[in-house]
Structures are given as C-alpha cells and as structure tokens.
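Going by numbering that gives the first Met the number 0, 35 is the number at position 36 of the sequence shown; the sequence numbering is gapless.
Structure, as structure tokens:
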Amino acid sequence: MKVIKTIVWIVLLGMGVNSCSHNQNKKIMGTVRLELQYYPEARLTDIYKNFFQNAFGPGHLIKDAAAAKAYLRYELHNAKHFDSLLYQPLGADHRYYRLNLILLKKSVIPEDEFLNAFIQSANHADPPTIDEWKAEWENILKVITSMDLTILHFERDRAHLDSLLAEGEYVVHHSETYKSLYQPHYRIVHKDEFSKLKRYLPK
Numbered sequence: 000m001k002v003i004k005t006i007v008w009i010v011l012l013g014m015g016v017n018s019c020s021h022n023q024n025k026k027i028m029g030t031v032r033l034e035l036q037y038y039p040e041a042r043l044t045d046i047y048k049n050f051f052q053n054a055f056g057p058g059h060l061i062k063d064a065a066a067a068k069a070y071l072r073y074e075l076h077n078a079k080h081f082d083s084l085l086y087q088p089l090g091a092d093h094r095y096y097r098l099n100l101i102l103l104k105k106s107v108i109p110e111d112e113f114l115n116a117f118i119q120s121a122n123h124a125d126p127p128t129i130d131e132w133k134a135e136w137e138n139i140l141k142v143i144t145s146m147d148l149t150i151l152h153f154e155r156d157r158a159h160l161d162s163l164l165a166e167g168e169y170v171v172h173h174s175e176t177y178k179s180l181y182q183p184h185y186r187i188v189h190k191d192e193f194s195k196l197k198r199y200l201p202k
C-alpha cells in the first residue's frame, strides 16, 4: 500500500512540475509575441535583451545619483525621436518594466520620482548567476524555436549569443535595426517602483 501511495505521489508531483513548466512556457510565448507585435523587425538579440533585462534589472549599483541624473538629462537633450510605447513589461513574470523617457521629457512623471524609481530598482536588483541565466535562456530559446517564427538572421544571432554566453559574457545591445526603427530611450524600473509611478500614466 505504501508503494502505491508513493507512486501516486510521484506521478502527481510530476504532473504539478509539468503544469508549472507549461504555464511558464506559455508566458514566454506571450512575451515573445508581444515583443514582435510592438517591434515587428526585432531580432533575436532584441528578444534576448527583453528577458535579460527582466532577469538582471537596470544594471550595476548606482552610487552617484547626480551622475545618473546628468546622464539622463544628456540623453533627453540629444534624443530626437521616441518610441510610441510608453511602458513595457519585461520577461515572463514582469519583474521589471521599461519606462519611455518621453514620460520625463513631457513632464508626465516628475523627474525626481522617475530618477528615484530607477536608482532604487538598480540598487535592489537581485540578478541570477551566469549559470542560472544560461539555463533560463536555454529554456527561453527552446520555446522561441518551437514557435516557428520568421526572425531575420535568427541563426546568426543565435550563434553570436551562444558564443557570448560560452565566454561568460551576457550583456548585449539592441540590434542596429531596432535602434534605427524604434528609437529606444528608456530606463528600467522594478515592478514595485512602477506601481508607484503608475498613477501618473494615462489610462
């Protein structure tokens, strides 16, 4: 009887794991579809960057708020065009959001609150290890491949990303096509910080 109960428990546990994996893969598919809906000419590196930013957050610890503000103002001053998408949830679980800098340029969000949200998000980020990220990206890539999408230079970009990760590197820039067509000027904020700023956003 104990053996039967053990077998049943193992089967149910396996079903639970498969269900979680299936749900996660569906979320990955949804994120990829949205990325390509917003940005039809996005390359694999741009899709990678979406999931990467959700895993790692805004980047390194920001020790100098004045320097961060100065660079933000520099980018705003030099940016001539902005993407029409005001904000974008990232990754499968939306831990982070991109906030379009047009929200700052048009004074939709107060500068100090915008900057504070960015700094807090960077300083409280809890990124994965490189091995954890490799495993996560491997699963994401499997899901993307299963979707049978038409993405320009897919195999070439896939090989480039594989090479980077094999060398322990993981940071990439948006593709030149993406930058040219979509003018990405944004900062990344944690979902908790985004929820604080949401009251300023148009309904």
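Beta carbons: idealized from backbone N, C-alpha and C, even for Gly.
In this text the structure is predicted, and so the values were computed from the model without any measurement.
Out of the options, state which residue places its alpha-carbon closest to the alpha-carbon of residue i.
i, options, result
"Glu112", "Lys68, Phe55, Asp63", "Lys68"
"Ser20", "Gln182, His184, Val142", "Val142"
"Ala124", "Ala66, Asp191, Ser162, Glu135", "Asp191"
"Leu209", "His172, Glu168, Val188, Asp156", "In the structure displayed, the chain extends from 0 to 202; residue 209 sits before or after that span and is not available."
"Leu148", "Asn22, Gln23, Glu34", "Glu34"
"Lys197", "Tyr86, Ile27, Ala66", "Tyr86"
"Lys48", "Pro201, Pro183, Lys195", "Pro183"
"Tyr199", "Ser162, Lys105, Ile118, Ser179", "Lys105"
"Pro201", "Leu102, Tyr169, Val171, Ala116", "Leu102"
"Tyr96", "Tyr73, Phe50, Asn138", "Phe50"
For residue i, count neighbouring Cβ atoms within 10 angstroms of its own Cβ and tell me buried if that reaches 16, exposed if not.
i, result
"Ala121", "buried"
"Gly56", "buried"
"Val31", "buried"
"Gln52", "buried"
"Tyr181", "buried"
"Val188", "buried"
"Ser174", "buried"
"Ala41", "buried"
"Leu151", "exposed"
"Asn158", "With the sequence shown as reference, residue 158 is identified as Ala, and Asn is not the correct amino acid for it. Classification for Ala158: exposed."
Could you tell me how far apart the beta carbons of residue i and residue j are, in whole angstroms, since I believe they sit closer than 8 Å?
i, j, result
"Leu75", "Tyr185", "Actually they do not touch by this definition, with Cβ atoms about 11 Å apart."
"Tyr177", "Asp63", "With 8 Å as the limit, Tyr177 and Asp63 do not qualify as a contact, their Cβ atoms being about 29 Å apart."
"Leu71", "Leu114", "6 Å"
"Lys195", "Ala116", "7 Å"
Among the residues of its own chain, which have a CB less than 6 Å from the CB of residue i, if the five just before and after it don't count?
i, result
"Leu164", "Lys133"
Using a Cβ-Cβ cut-off of 7 Å (strictly less than) and excluding sequence neighbours within five positions of residue i, which residues of its own chain qualify?
i, result
"Leu84", "Tyr37, Asn99"
"Ala54", "Gly90, Pro126, Pro127, Trp132, Glu135"
"Phe153", "Leu43"
Quick one: residues in its chain with C-beta nearer than 8 Å to the C-beta of residue i, no 5 flanking neighbours on either side, listed in chain order?
i, result
"Ile118", "Ile61, Ala64, Ala67"
"Gly167", "Ile129"
"His93", "Asn53, Lys190"
>> My parser needs the alpha helix (DSSP H) runs of 4 or more residues fully inside the region 60–100; what are they?
In response: Entirely contained in the region 60–100, the alpha helix (DSSP H) runs reaching 4 residues are, in chain order, 64–77.
>> I'd like the ranges of any beta strand (DSSP E) spanning at least 3 consecutive residues and lying wholly in the region 137–178.
In response: Within the region 137–178, no complete beta strand (DSSP E) run reaches 3 residues.
> For the region 103–128, which segments carrying the alpha helix (DSSP H) assignment without a break, of at least 4 residues, lie completely within its bounds, in sequence order?
Replying inline: Counting only runs of at least 4 residues, the region 103–128 fully encloses the following alpha helix (DSSP H) elements, listed from N- to C-terminal order: 110–122.
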